[in-house]
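K.L.:
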Amino acid sequence: MAVARHVADAVLFEGYVLYPYRASAAKNRLRWQFGVLVPPSWTAVAEEHDFQRTELLMEPRRGATLAVETRFLHACRRTVQRALPDGAFETVPELRLDDRVLVPWDEGHEERVRLTVAVDDLAGAGTVVPFTRPAAEETEPVTDDTGRVVGRLVRRREEISGLLRLSASDLDGPYTTQRLRVVVENTSDWAPAEGTGRDAALYRSLVAAHTVLCLDAGRFLSLTDPPEWAGAEVARCRNLHTWPVPAGEPGTEDLVLSSPIILEDHPSIAPESPGALYDATEIDEILALRTAALTDEEKREARGTDDRAAAVIDLADSLPAEVLERLHGAVRGLREVTGPGAPRTPAAGVPVIGPAVPRAGAGGADGVPRPDTPWWDPGSDTSVDPAHDHVLVDGRPVRAGSRVVLRPRLRHTDAQDLFLDGRRALVEAVLHDVDGGVHIAVTVEDDPGADIRREQGRYLYFQPDEVAVADAGEAP
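For the sequence shown, the positions run 4 to 479 when this note's numbering is used.
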């Protein structure tokens with residue numbers, strides 16, 4: 004489980020507190036966006052859901068056990084109180100200290116539901132594990148530099164109830180393969196009063212809920228890149244509000260992370276990342292530099308907003324130059340592209356940009372042969388014309404203006420491409436890269452934002468074997 008927790012922690016706290024890490028920032032006033040399982044009563048008020056369902060295939064060995072860990076954040080209201088001379092306390096909008104400014108804030112208290120069960124016990128109705136996290140109130144004294152109590156923090160949590168359902172069923176066929184189902188539900192019986200806002204529901208919600216699964220003997224099958232024989236059964240797996248991927252090191256198959264954020268198989272944290280920054284919509288280098296550039300007063304408020312925000316401020320202030328330099332970029336792999344080699348043989352009807360092999364004798368001062376047409380300037384190459392070039396798909400030409408049906412392959416693609424399987428699309432251009440590859444740029448026919456995508460040139464790209472020519476009379 005510890006192998007998967009590094010990435011799972013990033014899922015758990017994604018968007019927890021965003022740059023500039025202050026409670027007063029507008030972007031930190033609407034929180035808890037991923038994996039929120041609300042009380043059942045709230046689903047009638049807002050278009051949010053109260054459960055997650057994971058389905059995937061596994062091949063357990065005889066006598067195997069399954070370890071399950073569901074994790075989520077329990078929202079906790081934190082209010083700030085100032086000490087009065089008579090020993091009482093009063094609630095205040097802020098409490099200013101020398102090193103920080105304490106303000107009201109909703110913290111996230113990490114919760115876990117753990118279970119280890121024999122795979123044989125999951126047959127039929129399977130196993131149901133109810134869980135409850137009771138309401139609680141805690142106080143924490145706040146002292147100044149001299150140790151004098153100047154106030155306190157009051158934290159309140161509401162009661163949460165839920166269920167974890169596990170079941171497995173054998174698949175037909177010669178393989179000892181089973182379909183595993185994991186359902187996480189919020190069963191809290193809270194009923195909102197008229198005019199109640201989302202914050203009240205969030206205090207009784209499972210926030211950033213996700214599940215880690217581990218087989219002690221056997222393996223899970225990837226839903227993104229399954230074995231060919233399992234393709235049909237993988238297509239029948241129904242995952243709602245979550246997506247399972249193999250976790251851990253590439254090549255391992257006994258660990259799965261089912262996350263509300265779609266991840267690639269075997270996700271990992273970049274080794275250059277200096278620590279948790281909680282704002283994955285930004286680049287670590289930019290975040291670190293901008294955080295370090297906050298004013299002293301802004302840093303004081305960030306430190307008083309949340310302990311995790313304070314850790315980000317301290318991290319940005321202490322990063323040595325060599326760590327910042329690593330954040331500037333990294334090369335993961337290299338391949339030879341400038342040396343002479345065998346000519347590329349493009350597919351029929353597929354032109355390439357520039358000559359396939361540099362001309363003999365043409366080279367720069369370093370002796371490396373150079374092509375006649377620079378690869379970075381395709382506009383100077385008259386052999387390509389994205390608006391009129393075509394590619395043959397099943398013997399039929401496809402060019403700008405053609406209509407196709409999207410058929411993403413199960414291999415070399417991701418879940419977001421698979422969501423478009425069977426959709427009709429309009430070809431906007433046929434593009435050729437410097438390696439002789441062909442890419443079909445499309446817009447989905449019923450996409451309400453297609454005009455905007457077309458104006459901005461922001462297309463979806465598929466390879467020729469991922470589309471089929473749409474017949475003229477075929478219904479969308």
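Glycine included, every Cβ here is placed at the ideal spot set by N, Cα and C. All values derive from a computational prediction rather than experimental measurement.
Just mark W232 as buried or exposed, buried being the case when its beta carbon has 16 or more other beta carbons within 10 Å.
P.N.:
The residue in question, W232, is exposed, as its Cβ has fewer than 16 Cβ neighbours within 10 Å.
K.L.:
What whole-angstrom Cβ distance do V71 and T214 have, given they're in contact under 8 Å?
P.N.:
So it is a contact: roughly 7 Å between Cβ atoms.
K.L.:
Using 8 Å as the cut-off, can you tell me whether the stretch 18-27 makes contact with the stretch 309-322, which would need three or more C-beta pairs spanning the two stretches below that distance?
P.N.:
Yes: the two stretches touch, three or more of their Cβ pairs being nearer than 8 Å.
K.L.:
Rounded to whole angstroms, what is the Cα-Cα separation between A295 and I316?
P.N.:
Looking at the two C-alpha atoms, the distance is approximately 7 Å.
K.L.:
Whole angstroms are fine: how far does the CA of T142 sit from the CA of T245?
P.N.:
Between T245 and T142, the C-alpha separation is close to 35 Å.
K.L.:
Going by alpha carbons, who is nearest to E97 out of G90, A91 and L105?
P.N.:
Cα-wise, what sits closest to E97 is L105.
K.L.:
With a cut-off of 8 Å, do at least 3 Cβ pairs link the stretch 61-77 to the stretch 112-124?
P.N.:
Touching, yes, given that three or more Cβ pairs across the two stretches are closer than 8 Å.
K.L.:
What does the Cβ neighbour count give for S536, buried or exposed, with the cut at 16 atoms within 10 Å?
P.N.:
In the structure displayed, the chain extends from 4 to 479; residue 536 sits before or after that span and is not available.
K.L.:
What are the partner residues of P137, as DSSP defines its beta bridges?
P.N.:
Paired residues: none, contrary to the question.
K.L.:
Three-state secondary structure (DSSP) at S170?
P.N.:
Three-state result, S170: strand.
K.L.:
Along the alpha helix (DSSP H) that carries L434, what are the first and last residues, could you check?
P.N.:
Counting along the chain, L434 falls outside any alpha helix (DSSP H), though it belongs to the beta strand (DSSP E) covering R427 to H435.
K.L.:
Here's the rule: buried if 16 or more other CB atoms are within 10 angstroms of the residue's CB, otherwise exposed. What is E431?
P.N.:
Under this definition E431 is a buried residue.
K.L.:
Whole-angstrom Cβ separation of A212 and F75, contact assumed at under 8 Å?
P.N.:
The pair is a contact, with the Cβ atoms about 4 Å apart (cut-off 8 Å).
K.L.:
Is the separation between the beta-carbon of R160 and that of A194 shorter than 7 Å?
P.N.:
Cβ atoms of R160 and A194: not closer than 7 Å.
K.L.:
My output table needs one value for A291: the three-state DSSP class, helix, strand or coil.
P.N.:
Correct three-state label for A291: helix.
K.L.:
Can you name the start and end residues of the alpha helix (DSSP H) that R184 belongs to?
P.N.:
R184 -> not in any alpha helix (DSSP H); beta strand (DSSP E) instead, spanning Q181 to N189.
K.L.:
If you draw a straight line from the C-alpha of A350 to the C-alpha of E469, how long is it?
P.N.:
Confidence at A350 is low in this model, with a pLDDT of 42, below 50, so its placement is unreliable and no value can be given for it.
K.L.:
Could you give the residue range of the beta strand (DSSP E) that holds Q485?
P.N.:
Missing from the structure shown is residue 485; the chain here goes from 4 to 479 and no further.
K.L.:
Leaving aside the five residues before and after V132 along the sequence, list all residues of the same chain whose C-beta is less than 6 Å from its C-beta, in chain order.
P.N.:
L118 and L167, listed in sequence order.
K.L.:
Below 8 Å on the Cβ atoms is my guess for S208 versus L33; work out the distance and round it to an integer in Å.
P.N.:
Contact doesn't hold; Cβ gap of about 15 Å is too wide.
K.L.:
Secondary structure at W108, three-state DSSP: helix, strand or coil?
P.N.:
W108 falls in the strand class under three-state DSSP.
K.L.:
Ordered along the chain, which non-local residues of its own chain (more than five positions away) have a Cβ less than 6 Å from that of Y464?
P.N.:
Only H442 and A444 meet the Cβ criterion.
K.L.:
Report the rounded CA-to-CA distance for I455 versus D420, giving the unit in angstroms.
P.N.:
Each residue's alpha carbon lies about 20 Å from the other.
K.L.:
Any idea what DSSP makes of A121, helix, strand or coil?
P.N.:
Residue state, collapsed to three classes: strand.
K.L.:
Since L318 is in the beta strand (DSSP E), which residue starts that stretch and which ends it?
P.N.:
Here L318 belongs to no beta strand (DSSP E); instead the alpha helix (DSSP H) covers D310 to S321.
K.L.:
Please determine, among E325, P229, R406 and E304, the residue with the shortest C-alpha to C-alpha distance to N31.
P.N.:
It is E304 whose Cα lies nearest to the Cα of N31.
K.L.:
State the start and end residues of the unbroken beta strand (DSSP E) segment that holds R222.
P.N.:
Taken as a continuous stretch (DSSP letters only), the beta strand (DSSP E) holding R222 covers G221 to F223.
K.L.:
Smallest Cα separation from R293: which of V401, L318 and L243?
P.N.:
When each option's Cα is compared against that of R293, the closest is L318.
K.L.:
Per DSSP, H442 forms a beta bridge with which residues?
P.N.:
L434.
K.L.:
Can the beta-carbon of R399 be found closer than 7 Å to that of V472?
P.N.:
Yes, the pair counts as a contact, with Cβ atoms nearer than the cut-off.
K.L.:
For T214, which of helix, strand or coil comes out of DSSP?
P.N.:
In the structure shown, T214 sits in a strand (DSSP, three-state: E or B).
K.L.:
Mind reading off the beta-carbon distance from R182 to L174? Whole number of angstroms is fine, and I expect it under 8 Å.
P.N.:
Contact flag correct, Cβ pair sits at about 6 Å.
K.L.:
Is the beta carbon of P144 less than 7 Å from the beta carbon of V152?
P.N.:
Cβ atoms of P144 and V152: closer than 7 Å.
K.L.:
When we look at the beta-carbon of A204 and count the other beta-carbons within 10 Å, is it buried (16 or more) or exposed?
P.N.:
So A204 ends up on the buried side.
K.L.:
Taking 8 Å as the limit between beta carbons, can you name the residues of its chain near A47, skipping five residues before and five after?
P.N.:
Here the set comprises nothing.
K.L.:
Using C-beta distances below 6 Å, list every residue in its chain close to P88, excluding the 5 sequence neighbours before and after it, in chain order.
P.N.:
There are no such residues.
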